[in-house]
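Reading through the structure tokens given below for one structure.
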Amino acid sequence: MSVDSSYLPAVRTKTKPNTNPNPNPNPNPYNYQQVASADNARQRLDDQSTRSTWSHRAWMATGCVTLLICLAKSIIGAANSHIWLQPILPSLIGYLLADLASGLYHWGIDNYGSATTPFFGPQIEAFRGHHKLPSTITRRELANNLHELARAVTFTVLPFDLFCDNPTILGFVGVWSGFVMFSQQIHAWAHGTKNQLPSMGHDDEVLVDVVVANSSNTDVLV
Numbered sequence: 099m100s101v102d103s104s105y106l107p108a109v110r111t112k113t114k115p116n117t118n119p120n121p122n123p124n125p126n127p128y129n130y131q132q133v134a135s136a137d138n139a140r141q142r143l144d145d146q147s148t149r150s151t152w153s154h155r156a157w158m159a160t161g162c163v164t165l166l167i168c169l170a171k172s173i174i175g176a177a178n179s180h181i182w183l184q185p186i187l188p189s190l191i192g193y194l195l196a197d198l199a200s201g202l203y204h205w206g207i208d209n210y211g212s213a214t215t216p217f218f219g220p221q222i223e224a225f226r227g228h229h230k231l232p233s234t235i236t237r238r239e240l241a242n243n244l245h246e247l248a249r250a251v252t253f254t255v256l257p258f259d260l261f262c263d264n265p266t267i268l269g270f271v272g273v274w275s276g277f278v279m280f281s282q283q284i285h286a287w288a289h290g291t292k293n294q295l296p297s298m299g300h301d302d303e304v305l306v307d308v309v310v311a312n313s314s315n316t317d318v319l320v
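Residue numbering for the sequence shown follows the numbering used here, starting at 99 and increasing by one per position.
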């Protein structure tokens, strides 16, 4: 027996409105971002370009020994000659000139030349890349960060160690070269956080105020 559908009452179904303004079929839309972030973090931890090699450590040690010999000869010479004021004043001037020289050099590299500039090209490229990701320098190990400056200091200071006995000149050269050599590490501390500073900075709160003054504008990579 067939039933004519025209006699059946119409049935209306009421659909529930979608209250979610941004429906997303993926229950966890951040999965891919989380995985990518984790992969990037692992890559940064495994980045060999920030690690110190034995060659880096050798140059770092050579630079430090060369500086110590220079300063030791200055102190011994001053003690034997009973002249303390003459080496101290040039040493203070050496510190100030090291700060000025490193600042001017940094300014020049930032504003002139390009990656193809002879001799200075790699430094220009590295410096300008540093400005894009300034906190990258905080992940570099000490010898990795300083070995190039240590090599330059070794060849600069070694002739004074061998052929100079003037405590005033040795004091100036030793202090100037020492602060130039470690300027890169001081720069790294400036981009770091308190827990990346030496323990002296935590205890005395002196380095923290000076070094971290410009760290608030840097990027933070985890």
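The beta carbon of each residue, even a glycine, is placed where N, CA and C say it ideally should be.
Since the model is a prediction, treat every value here as computed from it, not as a measurement.
Which class does residue i belong to by DSSP, given the choice of helix, strand or coil?
| i | result |
| --- | --- |
| L295 | coil |
| N129 | In this predicted model, N129 has a pLDDT of only 47, less than 50, meaning its place in the structure is not dependable; the value taken from the coordinates is given anyway. In the structure shown, N129 sits in a helix (DSSP, three-state: H, G or I). |
| Y210 | coil |
| E239 | coil |
| H285 | helix |
| C262 | coil |
| W205 | helix |
| T215 | coil |
| G272 | helix |
| T151 | coil |
| H245 | helix |
| I191 | helix |
| G175 | helix |
| H229 | helix |
| W157 | helix |
Please name the residue, chosen from the options, that lies closest to residue i on a Cα-to-Cα basis.
| i | options | result |
| --- | --- | --- |
| W274 | H285, S147, C168, R149 | C168 |
| T254 | E223, F270, Q282 | F270 |
| F258 | Q282, S172, I235 | S172 |
| I174 | Q283, N264, H285 | N264 |
Once the 5 residues before and after residue i are set aside, which same chain residues still bring their CB inside 6 Å of it?
| i | result |
| --- | --- |
| T252 | T160, G161, T164 |
| G70 | Look at the range of the chain in this structure, 99 to 320, and you will see that residue 70 is not part of it. |
| R249 | W157 |
Can you tell me the Cα-Cα spacing of residue i and residue j, whole angstroms?
| i | j | result |
| --- | --- | --- |
| W182 | A176 | 6 Å |
| N242 | L268 | 27 Å |
| E246 | A170 | 23 Å |
| C262 | G201 | 28 Å |
| V278 | L260 | 21 Å |
| Y193 | N178 | 24 Å |
| L256 | H154 | 18 Å |
| I186 | T266 | 8 Å |
| P188 | A224 | 33 Å |
| L240 | I284 | 11 Å |
Ignore the nearest five residues each way along the sequence and tell me which others in residue i's own chain have a CB closer than 8 Å to its CB.
| i | result |
| --- | --- |
| F218 | I207, G211 |
| H229 | D208 |
Give every residue of the same chain whose Cβ lies closer than 7 Å to the Cβ of residue i, excluding the five residues on either side of it in the sequence, and list them in chain order.
| i | result |
| --- | --- |
| P125 | Its pLDDT being 49, under 50, P125 is placed unreliably in this model, and the value from its coordinates should be taken loosely. Counting only Cβ-Cβ distances below 7 Å, and skipping sequence neighbours, we find nothing. |
| L190 | none |
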